[in-house]
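Undergrad: Dropping the structure in here first, questions after.
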Amino acid sequence: MSTSSWLVVLGAFLASAVEAVEALTIVLGVGIVRGWRSTLIGSGAAAAVLAVLVAALGPALTVIPISALRIVVGALLLAFGLQWLRKAILRASGYKALHDEDEAFAREREQAAAAGNEQKAGLDWYAFTVSFKGVLLEGLEVVFIVIGFGSAQNQLGLAALGAAVAVVVVIAAGVLARGPLSRVPENAIKFGVGLLLTSFGCFWAAEGIGVDWPGNDLSLVGVIAFFGASSFLYVRGLRRQRGRLVPLGAES
Amino acid sequence: MKYVKSFGLFWWNFIVGDDWQVAAGVAVALLLTWGLVAAGANPWWLLPVAVVLLLGWSLYRASREAAS
Numbered sequence: 003m004s005t006s007s008w009l010v011v012l013g014a015f016l017a018s019a020v021e022a023v024e025a026l027t028i029v030l031g032v033g034i035v036r037g038w039r040s041t042l043i044g045s046g047a048a049a050a051v052l053a054v055l056v057a058a059l060g061p062a063l064t065v066i067p068i069s070a071l072r073i074v075v076g077a078l079l080l081a082f083g084l085q086w087l088r089k090a091i092l093r094a095s096g097y098k099a100l101h102d103e104d105e106a107f108a109r110e111r112e113q114a115a116a117a118g119n120e121q122k123a124g125l126d127w128y129a130f131t132v133s134f135k136g137v138l139l140e141g142l143e144v145v146f147i148v149i150g151f152g153s154a155q156n157q158l159g160l161a162a163l164g165a166a167v168a169v170v171v172v173i174a175a176g177v178l179a180r181g182p183l184s185r186v187p188e189n190a191i192k193f194g195v196g197l198l199l200t201s202f203g204c205f206w207a208a209e210g211i212g213v214d215w216p217g218n219d220l221s222l223v224g225v226i227a228f229f230g231a232s233s234f235l236y237v238r239g240l241r242r243q244r245g246r247l248v249p250l251g252a253e254s
Numbered sequence: 693m694k695y696v697k698s699f700g701l702f703w704w705n706f707i708v709g710d711d712w713q714v715a716a717g718v719a720v721a722l723l724l725t726w727g728l729v730a731a732g733a734n735p736w737w738l739l740p741v742a743v744v745l746l747l748g749w750s751l752y753r754a755s756r757e758a759a760s
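Just so you know, the protein sequences line up as chains Z and Y, in that order. The first sequence runs 3 to 254 under the working numbering. The second sequence runs 693 to 760 under the working numbering.
As structure tokens, this is what we get:
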């Protein structure tokens with residue numbers, strides 16, 4: 003397997019893991035308060051919709067010529083990846099609050115306890131819809147990444163496998179921990195995913211247009227290093243700037 | 693009509709997100725790269741440099757907004 007194939011699997015695994023952690027918090031919060039039957043049916047239904055999307059859209063994209071596909075997928079991944087990277091840099095430098103799974107879990111439980119008790123089709127409708135929407139919305143980003151990575155690199159199966167393994171690992175960890183996975187370094191993972199999405203997007207979009215990368219696939223590693231070093235410098239610069247604005251100890 | 697608008701808005705937020713200027717900048721950089729390739733050049737460096745500059749510009753504006 004080539005370096006870029008390993009990076010595709012890694013990107014799909016990390017993106018899926020971080021979104022699965024957030025989905026797990028929602029499902030746990032609802033399931034503990036409202037009961038597991040409707041919550042798990044809602045989560046399962048959303049997972050089935052996501053699997054159908056990958057199975058239908060992935061192979062359909064393979065009929066598009068690879069250069070056109072790489073321009074479109076590359077441009078979309080680039081715009082999408084820059085969002086992840088931008089937010090991760092702002093969080094790492096203190097300009098944006100870190101995502102707190104414990105707080106999200108407490109909020110989810112509070113809302114689940116306060117919601118009404120509407121029954122539809124033999125289901126607790128609140129538990130079903132909240133878990134369905136939570137898993138679907140968190141999963142859509144993963145589907146987008148899996149289809150994008152998989153189709154442009156012609157490795158849809160590998161990308162889907164990487165994402166599926168991450169979901170299994172996160173569910174297993176959640177069962178063992180019996181609570182939200184608040185110790186997972188979410189921002190560091192999002193930083194890594196943003197870096198991979200942006201780098202692959204840049205590489206494929208330019209290649210699709212007709213650019214010849216020096217060193218071919220090896221230059222992908224160079225692009226990742228360039229974006230990684232630049233992001234690191236941005237974090238340092240922003241931290242320094244923030245330190246001048248907010249003196250140490252003034253935040254508490 | 694409401695659903696079409698919601699659908700469009702969802703995808704706009706999904707792809708473009710908080711800073712449309714970054715997405716617009718990426719589109720301009722891709723067009724420039726395409727133009728140079730069509731003219732016979734091999735501007736492999738253009739897109740990575742444009743991405744880093746766009747990211748820096750976006751972060752600069754976001755940090756100023758957060759500080760004010």
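We put the beta carbon where it would ideally sit given N, CA and C, even for glycine.
Assign Leu100(Z) to one of three DSSP states: helix, strand, or coil.
TA: If DSSP states are grouped into helix, strand and coil, Leu100(Z) belongs with coil.
Undergrad: Roughly how many angstroms lie between the CA atoms of Phe706(Y) and Phe82(Z), to the nearest whole one?
TA: Spanning the two alpha carbons is a distance of roughly 7 Å.
Undergrad: Can you pull out the residues from the stretch 204-228 of chain Z whose beta carbon lies closer than 7 Å to at least one beta carbon of chain Y?
TA: So the close ones are Cys204, Ala207, Ala208, Ile211, Gly212, Val213, Asp214, Trp215, Pro216, Val225, Phe228.
Undergrad: Is any beta-carbon of chain Y found at less than 8 Å from that of Ile66(Z)?
TA: By this cut-off, Ile66(Z) is not an interface position.
Undergrad: Within the 8 Å Cβ cut-off, does Gln113(Z) reach chain Y?
TA: No, Gln113(Z) does not count as interfacial toward chain Y.
Undergrad: Rounded to whole angstroms, what is the Cα-Cα separation between Val23(Z) and Val169(Z)?
TA: For Val23(Z) and Val169(Z), the distance between alpha carbons rounds to 9 Å.
Undergrad: For Ala94(Z), which residues in the same chain have their Cβ closer than 7 Å to its Cβ, ignoring the five residues on either side in sequence?
TA: The residues are Asn189, Phe193, Val237.
Undergrad: Among all the DSSP beta bridges, which residues are the ones paired with Lys122(Z)?
TA: Leu125(Z).
Undergrad: Tell me the residue span of the alpha helix (DSSP H) that contains Ile226(Z).
TA: Segment 221-247, the alpha helix (DSSP H) holding Ile226(Z).
Undergrad: For Leu745(Y), which option in Arg246(Z), Ser232(Z), Gly196(Z), Arg244(Z) has the closest C-alpha, if you only look at C-alpha atoms?
TA: For Leu745(Y), the nearest C-alpha among the options comes from Ser232(Z).
Undergrad: Would the stretch 161-180 of chain Z and the stretch 99-110 of chain Z be scored as touching if the rule is three or more Cβ pairs under 8 Å?
TA: Segments in contact, no.
Undergrad: Could you tell me which of Ser40(Z), Leu71(Z), Leu80(Z), Ser4(Z) sits nearest to Ala716(Y), measuring between CA atoms?
TA: Nearest option by C-alpha distance: Leu80(Z).
Undergrad: Just checking: is the beta-carbon of Thr200(Z) within a distance shorter than 8 Å of some beta-carbon in chain Y?
TA: So, interface residue.
Undergrad: Going by DSSP in three states, Gly217(Z) sits in which element: helix, strand or coil?
TA: Of the three classes helix, strand and coil, the one that applies to Gly217(Z) here is coil, per DSSP.
Undergrad: Who are the near neighbours of Glu120(Z) in its chain, counting only those whose CB is closer than 7 Å to its CB and skipping five residues on each side?
TA: Within the same chain, Glu120(Z) has close Cβ partners Trp127, Tyr128.
Undergrad: I'd like to know whether the C-beta atoms of Val743(Y) and Phe229(Z) end up nearer to each other than 8 Å.
TA: Yes. Within cutoff.
Undergrad: How do the stretch 22-37 of chain Z and the stretch 127-141 of chain Z stand: do at least 3 beta-carbon pairs fall below 8 Å, yes or no?
TA: Result yes; three or more Cβ-Cβ pairs closer than 8 Å.
Undergrad: For Leu222(Z), I'd like the list of residues in its chain whose CB is within less than 8 Å of its CB, leaving aside the five on either flank, ordered along the chain.
TA: Only Thr5, Ser6, Leu9, Ser201, Phe202, Phe205, Trp215 meet the Cβ criterion.
Undergrad: Report the rounded CA-to-CA distance for Ala50(Z) versus Val137(Z), giving the unit in angstroms.
TA: Answer to the nearest angstrom: the Cα atoms are 10 Å apart.
Undergrad: In chain order, what residues of the same chain lie with their CB nearer than 7 Å to the CB of Tyr695(Y), ignoring the 5 residues before and after it?
TA: Cβ within range, chain order: n/a, list empty.
Undergrad: Is Ala754(Y) closer than 8 Å to Leu197(Z) when the C-beta atoms are compared?
TA: No, they are not a contact pair.
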